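All the letters of the sequence shown, read from the start, carry residue numbers 1 to 152 under the UniProt record's numbering.
This report concerns only the one structure given below.
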Amino acid sequence: MGGGGGGGGGQMQQVAQEIEQMEQEVDAIDEEIERLREKQSDIDEAIEAIETLDSGSTVQVPLGGDAYIRATIEDIDEVVVSLGGGYSAEREQDGAVSTLETKQETLDDHISELQEEKAEVETEMEELEQQAQQMQQQQMQQMMQQQEQEDE
Numbered sequence: 001m002g003g004g005g006g007g008g009g010g011q012m013q014q015v016a017q018e019i020e021q022m023e024q025e026v027d028a029i030d031e032e033i034e035r036l037r038e039k040q041s042d043i044d045e046a047i048e049a050i051e052t053l054d055s056g057s058t059v060q061v062p063l064g065g066d067a068y069i070r071a072t073i074e075d076i077d078e079v080v081v082s083l084g085g086g087y088s089a090e091r092e093q094d095g096a097v098s099t100l101e102t103k104q105e106t107l108d109d110h111i112s113e114l115q116e117e118k119a120e121v122e123t124e125m126e127e128l129e130q131q132a133q134q135m136q137q138q139q140m141q142q143m144m145q146q147q148e149q150e151d152e
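Right, here's the structure in full:
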């Protein structure tokens with residue numbers, strides 16, 4: 001009879017491992033969403049800068065490694081914007097903002113997809129947790145029945 005309980009324990013362990021994997025998946029999705037939101041924040045800052053800076057403005061340009069240099073904007077209507085895939089294009093001010101806003105929309109779509117995926121995983125996780133609770137209850141009932149039979 002003890003072997004049957006062990007089998008249930010093995011099944012419980014498998015369910016627990018699946019739940020743990022799903023928790024890790026949810027954490028990974030959360031990290032990806034956070035990364036995309038940081039990108040959106042960077043784009044917001046770029047749009048604000050493009051819209052507020054004028055030709056002749058002095059700006060600090062990052063050189064990398066937390067080093068900056070002061071530079072003067074020669075022409076705000078010559079903004080180089082990354083198009084993705086290693087390609088960039090020169091855009092006038094409004095075109096640069098439009099390109100960046102399109103990137104924002106793409107990031108919004110990606111975040112929405114990730115949130116849907118996260119919700120699906122969380123629903124699956126809840127179902128597994130309920131299954132685990134039912135298995136525990138069954139094991140408890142079996143143990144109580146075995147005890148009652150041994151007491152008789």
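From the three backbone atoms N, C-alpha and C, an ideal C-beta is built for every residue, glycine too.
All of these numbers come straight from a predicted model, not from anything done at the bench.
From residue i to residue j, what distance separates their C-alpha atoms?
{"i": "A119", "j": "S57", "result": "46 Å"}
{"i": "L83", "j": "Q17", "result": "42 Å"}
{"i": "S112", "j": "T123", "result": "17 Å"}
{"i": "E127", "j": "V121", "result": "10 Å"}
{"i": "Q134", "j": "Q14", "result": "14 Å"}
{"i": "E38", "j": "D44", "result": "10 Å"}
{"i": "L53", "j": "Q131", "result": "59 Å"}
{"i": "Y87", "j": "Q137", "result": "59 Å"}
{"i": "Q40", "j": "G10", "result": "45 Å"}
{"i": "D27", "j": "E129", "result": "18 Å"}
{"i": "E48", "j": "G65", "result": "24 Å"}
{"i": "Q139", "j": "Q24", "result": "28 Å"}
{"i": "E116", "j": "E31", "result": "15 Å"}
{"i": "E148", "j": "Q142", "result": "10 Å"}
{"i": "E150", "j": "M144", "result": "10 Å"}
{"i": "S55", "j": "I29", "result": "41 Å"}
{"i": "Y68", "j": "I76", "result": "19 Å"}
{"i": "D42", "j": "G85", "result": "18 Å"}
Under the rule that 16 or more other beta-carbon atoms within 10 Å means buried, what is residue i, buried or exposed?
{"i": "V61", "result": "exposed"}
{"i": "A96", "result": "buried"}
{"i": "M1", "result": "A caution first: M1 carries a pLDDT of 39, below 50, which makes its placement in the model too unreliable to give a value."}
Measure the CB-CB distance between residue i and residue j and report whether it falls below 7 Å.
{"i": "A46", "j": "L100", "result": "yes"}
{"i": "M125", "j": "M12", "result": "no"}
{"i": "residue 155", "j": "H110", "result": "One cannot answer for residue 155 here, as it falls past the ends of the chain, which runs 1 to 152."}
{"i": "L114", "j": "I19", "result": "no"}
{"i": "E78", "j": "E90", "result": "yes"}
{"i": "Q93", "j": "I50", "result": "yes"}
{"i": "A71", "j": "V80", "result": "no"}
Helix, strand or coil: how does DSSP classify residue i here?
{"i": "G56", "result": "coil"}
{"i": "G3", "result": "For G3, the pLDDT reaches just 41, beneath the cut-off of 50, and the residue's location in the model is therefore unreliable, although a value from the coordinates is still provided. Of the three classes helix, strand and coil, the one that applies to G3 here is helix, per DSSP."}
Which parts of the stretch 58 to 135 are runs of the alpha helix (DSSP H), unbroken and 4 residues or longer, counting only runs that do not cross its ends?
-> none
Tell me the start and end of each unbroken alpha helix (DSSP H) in the stretch 15 to 48 that is at least 4 residues and wholly inside, in chain order.
-> none
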